[in-house]
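One structure is given below, encoded as structure tokens.
Protein chains: 2
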Amino acid sequence: MPDKIIDKCEVHCINRDQVELAQKQMISDDEALELAEIFKALSDTTRIKILHALMLQELCVCDIAATISLSESAVSHQLRLLRSKKIVKFRRDGKVLYYSLDDNHIENLLKQGLEHVNE
Amino acid sequence: MPDKIIDKCEVHCINRDQVELAQKQMISDDEALELAEIFKALSDTTRIKILHALMLQELCVCDIAATISLSESAVSHQLRLLRSKKIVKFRRDGKVLYYSLDDNHIENLLKQGLEHVNE
DNA sequence: TAGACATATGAGCAAATGTTCATATGTCTA
DNA sequence: TAGACATATGAACATTTGCTCATATGTCTA
Chain S
54 MPDKIIDKCE VHCINRDQVE LAQKQMISDD EALELAEIFK ALSDTTRIKI
104 LHALMLQELC VCDIAATISL SESAVSHQLR LLRSKKIVKF RRDGKVLYYS
154 LDDNHIENLL KQGLEHVNE
Chain U
54 MPDKIIDKCE VHCINRDQVE LAQKQMISDD EALELAEIFK ALSDTTRIKI
104 LHALMLQELC VCDIAATISL SESAVSHQLR LLRSKKIVKF RRDGKVLYYS
154 LDDNHIENLL KQGLEHVNE
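Those protein sequences? They're chains S and U, same order as listed. Letter by letter, the first sequence follows residues 54 to 172 in the numbering used here. Letter by letter, the second sequence follows residues 54 to 172 in the numbering used here.
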């Protein structure tokens with residue numbers, strides 16, 4: 054496996070030392086995929102709006118929909134995605150489901166992203 | 054414009070106070086879009102690998118390609134995208150372009166994401 | 001228990017995305 | 001100045017994504 058990579062490098066690379074160093078510390082496929090998945094969860098305007106609203110308080114599906122002016126179905130689909138990635142959780146109160154942020158790492162990511170945007 | 058939102062709320066929302074509060078502090082469309090754009094830049098495995106490699110050292114296009122085992126064309130396309138979002142920059146040395154991270158906010162986001170993944 | 005209500009879910013569709021292939025651009029060197 | 005080389009770019013294509021619409025599920029209340 055390393056042979057294959059080095060072959061490729063020998064065919065065409067400029068600084069072999071740098072390539073070898075880069076490969077040694079390279080992020081694994083799995084890790085890169087997980088990382089990409091987290092950021093993908095935050096890469097949509099609708100989901101940003103939902104998560105931003107949930108930073109302040111828990112909200113039920115229809116109130117999220119009313120807040121961001123989107124159909125309840127669309128919101129529900131997005132919440133499903135966010136649930137599957139353990140980014141939001143919910144509690145039931147009768148027929149109403151209240152959603153909230155599951156993980157404060159996400160809140161930190163959002164805050165840091167906002168800093169980046171607002172400078 | 055607020056009328057429209059309130060109308061929608063009156064049609065169907067559960068906790069009007071919460072909706073009003075959420076709307077008051079709501080992130081703007083522009084800000085949400087910018088934020089989503091940043092995270093979108095980090096939401097692909099190839100780009101994660103490129104950026105992770107650049108956290109360690111600057112690299113030219115073909116060495117990035119050799120490192121992550123992808124075509125130079127594909128790498129170049131992704132670098133173009135990352136350049137357009139001011140996430141990477143480059144310096145020229147003869148015919149070789151060396152890319153590096155443009156903004157340490159991005160590095161912080163990546164590190165924080167990695168923490169989240171590795172816990 | 002029937003019906004209303006809050007939410008979830010599946011199918012379908014248009015738009016966006018990431019790669020490959022072919023070609024263009026710009027820089028060095030003989 | 002011609003040719004080699006490093007990279008950029010455009011078109012094309014398959015895949016993914018986010019919405020809508022219709023329908024299903026689960027919970028409460030009369």
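Yeah, the Cβ is synthetic: ideal placement off N, Cα and C, and Gly gets one too. Note that the structure is a prediction, hence the values are computed from the model and not measured.
Rounded to whole angstroms, the Cβ separation of S:V72 and U:T98 is 19 Å, and the two are not in contact under 8 Å.
Per the C-alpha coordinates, the member of S:N157, S:N68, S:I117, S:L104 positioned closest to U:L112 is S:N68. With distances taken between CA atoms, S:D82 lies nearest to U:H105 out of U:H105, U:A89, U:D70. For chain U, the residues of the stretch 116-127 of chain S that bring a beta carbon within less than 9 Å of one of its beta carbons are D116, I117, A118, A119, T120, I121, S122, E125, in chain order. If only complete runs of 4 or more residues are kept, the stretch 58-123 of chain U shows the alpha helix (DSSP H) at 69-77, 82-94, 98-109, 114-121, in order along the chain. If you draw a 10 Å sphere on the C-beta of U:G147, you find fewer than 16 other C-beta atoms in it, and that means exposed.
S:K139 is classed as exposed because its beta carbon has fewer than 16 other beta carbons within 10 Å across all chains shown. Taking C-beta atoms under 8 Å as the contact rule, U:Q165 and S:L162 qualify, at a distance of about 6 Å. Following the DSSP letters along the chain, one finds U:K164 in no beta strand (DSSP E) but inside the alpha helix (DSSP H) bounded by residues 157-170. By the CB criterion at 8 Å, S:I91 and U:L88 fall outside the cutoff. Within chain S, the residues whose beta carbon sits less than 8 Å from that of U:V149 are I67, listed in sequence order. For S:I91, the chain U residues whose C-beta falls within less than 8 Å of its own C-beta are G166, H169, V170, listed in chain order. A residue is called buried when at least 16 other Cβ atoms come within 10 angstroms of its Cβ; S:S124 does not meet this threshold and is exposed.
The continuous beta strand (DSSP E) containing S:K142 extends over residues 141-146.
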